[in-house]
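Enquirer: From first to last, the protein sequence lines are chains A and B.
All letters in the first sequence, in the order written, are residues 130 to 284 by the working numbering.
All letters in the second sequence, in the order written, are residues 59 to 126 by the working numbering.
I am attaching a structure below and will ask some questions about it afterwards.
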Amino acid sequence: MLISGQWLKNLASPSKPNPVPNTVVFERGSLWTDSLRSAVKDTPLVLQKIAEFERAKAANPLAPFGSSDKPFASEGVYKNYLQKARKAHLSPDISVVYELSGRNPTTIKLYGVFTHADLGTGQPANMKIQKNMAKRMANSFSEEVEQFLNSLLQG
Amino acid sequence: MKLNEVTQPSEKALFEAVDAHNDTGLLTEDVVKIIRSADGLWSGPFTLEESIAHLRAMAEELGVPFEA
C-alpha cells in the first residue's frame with residue numbers, strides 16, 4: 130500500500146493550526162501623490178500599474194513585481210540614504226520606489242513614482258539629481274514644510 | 059543651515075548636525091523637536107481597498123482610465 134508523505138505529515142500533527150495570514154498595509158510618503166499625478170500626465174496607465182503593484186504586494190509582499198523589482202545598487206547614492214528602499218518598473222521609464230518592513234502587518238512605504246530623469250538614473254546618470262532626490266525621499270518633507278523650516282532655521 | 063543638510067537618521071547624529079549649524083537663537087533640542095515633528099510625513103497605514111479607492115478617485119479627477 131502506498132501512503133503519501135504529505136498524508137503522513139498531516140497524520141503526525143493533526144491539530145497543527147493553519148498559519149495566520151499576513152496583513153499588509155500601505156503608507157504614502159509626502160512625495161507620493163505629486164509624483165503619481167506627474168507620472169499620470171505623461172502615462173495615464175500608471176494608475177492601473179500601481180493598482181496591480183499594490184494587489185501583488187498585498188498578496189505576497191516578498192514576491193518581486195517583475196524582474197526589475199530590486200533594492201538600489203549597493204554602491205549607489207540611493208542606498209546611502211534609503212538603505213531598505215527598492216524600486217520596481219511600472220513601465221520602461223517609470224518606477225515605483227517603496228520599502229517593506231515588518232510582518233503582520235507588513236508595512237509598504239510608498240515613496241513615489243518617478244521617471245529615470247526624476248531619479249537621475251537615465252543615460253548618462255546625473256549624480257546631483259540622485260543625491261537631491263535621495264535626500265528628499267529620506268526626509269519625506271513636503272516642499273511647504275521644508276520652506277517653513279528653512280525660514281525658521283535662517284531666523 | 060539648509061534643511062536638506064540635515065539628513066541624519068539617528069537622534070544623536072541629527073542633534074549634532076543641527077547643533078553644528080544652529081544659529082537660530084533657539085535651543086538645538088527644540089529645533090530637533092521641530093524637525094522630528096515634521097520628519098517622515100507619512101500618511102499613516104491604510105488597506106489595499108482604501109488605496110484602490112484613492113487611485114480610482116485620482117483617475118476620475120484626472121480623467122484617465124482605471125479598471126480595478
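Glycine included, C-beta positions come from ideal geometry on N, C-alpha and C.
Keep in mind the model is a prediction, meaning the values are calculated, not measured.
Are any of the Cβ atoms in chain B nearer than 7 angstroms to that of Arg-232 (chain A)?
Expert: no
Enquirer: Counting along the chain, where does the alpha helix (DSSP H) carrying Gly-176 (chain A) start and finish?
Expert: First, the residue type needs correcting, since residue 176 (chain A) is Leu and not Gly in the sequence shown. Note, Leu-176 (chain A): alpha helix (DSSP H), 175-188.
Enquirer: Output the distance between the C-alpha atoms of Ala-187 (chain A) and Ala-111 (chain B), rounded to the nearest integer angstrom.
Expert: Here the C-alpha atom of Ala-187 (chain A) lies approximately 15 angstroms from the C-alpha atom of Ala-111 (chain B).
Enquirer: Less than 8 angstroms between the CB atoms is what I'm expecting for Tyr-210 (chain A) and Ala-263 (chain A), so what's the real figure, rounded?
Expert: Yes, they are in contact, since the Cβ atoms of Tyr-210 (chain A) and Ala-263 (chain A) sit about 4 angstroms apart, within 8 angstroms.
Enquirer: Asp-222 (chain A) and Thr-250 (chain A) - do their beta-carbons sit closer together than 7 angstroms?
Expert: no
Enquirer: Just tell me which of A:Gly-205, A:Lys-199, A:Tyr-207, A:Ser-230 has its CA closest to the CA of Arg-215 (chain A).
Expert: A:Lys-199
Enquirer: Report the rounded CA-to-CA distance for Val-76 (chain B) versus Glu-156 (chain A), giving the unit in angstroms.
Expert: Going by the C-alpha atoms only, they are around 28 angstroms apart.
Enquirer: Helix, strand or coil: how does DSSP classify Arg-215 (chain A) here?
Expert: strand
Enquirer: With three or more beta-carbon pairs closer than 8 angstroms as the criterion, would you say the stretch 220-234 of chain A touches the stretch 173-192 of chain A?
Expert: yes
Enquirer: Can you check whether the C-beta of Phe-73 (chain B) is within less than 7 angstroms of a C-beta belonging to chain A?
Expert: no
Enquirer: Is the CB of Arg-215 (chain A) under 7 angstroms away from at least one CB in chain B?
Expert: no
Enquirer: Closer than 7 angstroms, CB to CB, is Ala-127 (chain B) near chain A or not?
Expert: There is no way to answer for residue 127 (chain B), as the model of chain B reaches only from 59 to 126.
Enquirer: Helix, strand or coil for Thr-172 (chain A) per DSSP?
Expert: Thr-172 (chain A) falls in the coil class under three-state DSSP.
Enquirer: Can you name the residues that DSSP bridges to Glu-87 (chain B)?
Expert: Beta-bridge annotation (DSSP): Glu-87 (chain B) is not paired with any residue.
Enquirer: Under a CB-based cut-off of 7 angstroms, is Ser-85 (chain B) close to chain A?
Expert: The amino acid occupying residue 85 (chain B) in the given sequence is Leu; Ser does not appear at that position. Leu-85 (chain B) does not count as touching chain A.
Enquirer: Find the residues of chain B that neighbour Phe-155 (chain A), judging by a C-beta separation of less than 9 angstroms, and give them in chain order.
Expert: Ser-101, Pro-103, Phe-104, Thr-105, Leu-106, Glu-108, Ser-109
Enquirer: Val-122 (chain B) CB to nearest chain A CB: under 7 angstroms?
Expert: Closer than 7 angstroms to some Cβ of chain A, the Cβ of Val-122 (chain B) qualifies, so yes.
Enquirer: By the criterion of Cβ-Cβ separation under 7 angstroms, what are the contact partners of Thr-236 (chain A) in chain B?
Expert: Pro-103
Enquirer: Determine the direct distance from the alpha carbon of Arg-184 (chain A) to that of His-218 (chain A), and round the result to whole angstroms.
Expert: The C-alpha of Arg-184 (chain A) is placed about 15 angstroms away from the C-alpha of His-218 (chain A).
Enquirer: What residue range does the alpha helix (DSSP H) around Leu-106 (chain B) cover?
Expert: 106-120
Enquirer: Quickly, what does DSSP pair Lys-238 (chain A) with across the bridge? List them, please.
Expert: A:Glu-156, A:Glu-228
Enquirer: In the DSSP output, which residue or residues are listed as bridge partners for Pro-200 (chain A)?
Expert: A:Arg-215
Enquirer: Give the straight-line distance between the Cα atoms of Ser-167 (chain A) and Ala-78 (chain B), rounded to the nearest whole angstrom.
Expert: Their Cα atoms are separated by approximately 37 angstroms.
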